[in-house]
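Visitor: First residue of the sequence shown? That's 1043 in my numbering, and the numbers climb one at a time after it. This is the structure, below, for whatever I ask next.
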Amino acid sequence: MLSTRRLTFLGLAILLSGATVVLTQQWLQGQLKHARDSARAQTVAPAASRVLVAAQALPAGTILKAAQVRWQAWPADASTAGYFTSAGTTPEQMAGAVARTDLAPGEPLSAARVVQPGDRSFLAAVLKPGYRAVTVNVGASTGVAGFVFPGDRVDLILSRGVDGGAGAAKRFVSETVLSDVRVVGVDQRVANEKKDVLIPQTATLEVTPKQAEIVTLVGELGKLSLSLRSLATPADAPASGNTVTRTWDNEATQVAAARPAAAPATHPIRAPRAAAAPSVVVIRGSQASSAGAAP
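Below is the structure:
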């Protein structure tokens, strides 16, 4: 009787042990499958839902650079067709685009918020509210040899001759008519996509309506030149605008300072008339005649 009970308990123990092993194995397999699925989802999901966002605050009209945008994981169900995703866009392709509206850090870039070069109204999106675009003719010597690009800031210099008046020599003067003006386009380019140096023929500047009138007027007075400003602007630098400074020819060269004075006007001197010879009038009846007097 005792041996039968022992055999029964032994059999039950074996059954319980087997069931425990089977259940444990099934549980481990389930956990392993779940871990594999999670790892696969973590590997695939970020690549499919990464979107370009602003890396910093970007005011409207900012010409974007590659360093100003970055990738950020975005919920796949929250992405829209207008976002720039990793499937067909790179940060380098956003260089030269313009923010149509203000962008906060971390805000996704979309076709509605960013204007690409070549799109309609691209130049209008570059301009700050209330500003105008005006174009000036430049060349190799007047356009900083092609080293002026969209986004740079320049001074506009006018050089012209001035009539010195009656009897005075012609004078020459150079003056800065506008300072710290942003370049928004060179020729018909608003970005330097090819990264090469080209000699521009025109430069488009961002100015106020009053400054646009000034630029149009001074373009008829003489030769216009651009002076490239440093990107590192001092904190105490004067505000942009028509800060006029001028330099006369005698300040630039000693030759002009030593120009001889104009000679005074002269009038021809007439020779004195010869004195008339003395004469005697002789009257004979009703006739009169003259005869030279003897010396």
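Backbone N, C-alpha and C fix where the C-beta goes; we use that ideal spot for every residue, glycine too. Remember, it's a predicted structure, so these values are computed and weren't measured experimentally.
Using beta-carbon positions only, say whether PRO1175 and LEU1165 come within less than 8 Å of one another.
Guide: Reading off the sequence shown, one finds Ala at residue 1175, where the question assumed Pro. Yes; because the gap between Cβ atoms is below 8 Å, this pair is in contact.
Visitor: Just tell me which of ALA1055, LEU1151 and LYS1075 has its CA closest to the CA of LEU1106.
Guide: LEU1106 has its Cα closest to that of LEU1151, out of ALA1055, LEU1151 and LYS1075.
Visitor: Of the residues SER1128, ARG1202, ILE1241 and PRO1147, which one's Cα is nearest the Cα of ALA1097?
Guide: Comparing Cα-Cα distances from ALA1097 to each of SER1128, ARG1202, ILE1241 and PRO1147, the minimum goes to PRO1147.
Visitor: Output the distance between the C-alpha atoms of ILE1056 and GLN1067, rounded to the nearest integer angstrom.
Guide: Straight-line Cα distance between these residues: approximately 17 Å.
Visitor: Checking the sheet assignment: what are the DSSP bridge partners for ASP1197?
Guide: BP columns for ASP1197 point to SER1269.
Visitor: Should PRO1159 and GLY1138 be called a contact, given that it needs their Cβ atoms to be closer than 8 Å?
Guide: Yes. Within cutoff.
Visitor: Compute the distance between the beta-carbons of LEU1268 and VAL1215, then report whether it is under 8 Å.
Guide: Contact flag unset, no.
Visitor: Grouping DSSP H, G and I as helix and E and B as strand, with all else coil, what is ALA1102?
Guide: Three-state DSSP puts ALA1102 in coil, outside helix and strand.
Visitor: Can you tell me whether ALA1087 is buried or exposed, with buried defined as 16 or more other CB within 10 angstroms of its CB?
Guide: Since pLDDT at ALA1087 reaches only 48, below the 50 mark, its modelled position is unreliable, and no value is offered.
Visitor: For a quick check, are the C-beta atoms of TRP1069 and LEU1094 less than 8 Å apart?
Guide: No; because the gap between Cβ atoms is not below 8 Å, this pair is not in contact.
Visitor: Terminal residues of the continuous alpha helix (DSSP H) containing LEU1259?
Guide: From DSSP, the alpha helix (DSSP H) with LEU1259 extends over 1251–1260.
Visitor: Could you tell me which residues DSSP puts in a beta bridge with TRP1113?
Guide: According to DSSP, which records beta bridges pairwise, TRP1113 is partnered with LEU1094.
Visitor: What is the rounded straight-line gap between the Cα of GLN1135 and the Cα of GLN1110?
Guide: So the two alpha carbons sit approximately 12 Å from each other.
Visitor: Quick one: residues in its chain with C-beta nearer than 6 Å to the C-beta of SER1201, no 5 flanking neighbours on either side, listed in chain order?
Guide: Taken in chain order, the residues that qualify are SER1216, GLY1264 and LYS1265.
Visitor: If you draw a straight line from the alpha carbon of PRO1133 to that of GLN1073, how long is it in whole angstroms?
Guide: Rounded to whole angstroms, PRO1133 to GLN1073 spans 40 Å at the Cα level.
Visitor: Give me, in chain order, the residues of the same chain whose beta-carbon lies closer than 8 Å to that of SER1272; leave out the 5 immediate sequence neighbours on both sides.
Guide: The answer is none, since no qualifying residue turns up.
Visitor: In three-state DSSP terms, what is VAL1064?
Guide: DSSP places VAL1064 in helix when its eight states are reduced to three.
Visitor: Taking all protein chains shown into account, do 16 or more other C-beta atoms lie within 10 angstroms of the C-beta of ASP1119, making it buried, or fewer, making it exposed?
Guide: The residue is exposed, with fewer than 16 neighbouring Cβ atoms inside 10 Å.
Visitor: Write down the C-beta distance between ALA1102 and ARG1142 rounded to the nearest angstrom, noting that I regard them as a contact closer than 8 Å.
Guide: Correct: roughly 7 Å between the Cβ atoms.
Visitor: Can you look up LEU1247 in the DSSP assignment and give me helix, strand or coil?
Guide: LEU1247 falls in the strand class under three-state DSSP.
Visitor: Count the other CB atoms, across all protein chains shown, that sit within 10 Å of the CB of PRO1082; report buried if there are 16 or more and exposed otherwise.
Guide: As written in the sequence, residue 1082 is Arg, which differs from the Pro given in the question. The residue is exposed, with fewer than 16 neighbouring Cβ atoms inside 10 Å.
Visitor: Give the secondary structure of VAL1223 by DSSP, where H, G and I count as helix, E and B as strand, and everything else as coil.
Guide: Of the three classes helix, strand and coil, the one that applies to VAL1223 here is strand, per DSSP.
Visitor: So what's GLY1203 in DSSP terms, helix, strand or just coil?
Guide: Strand at GLY1203.
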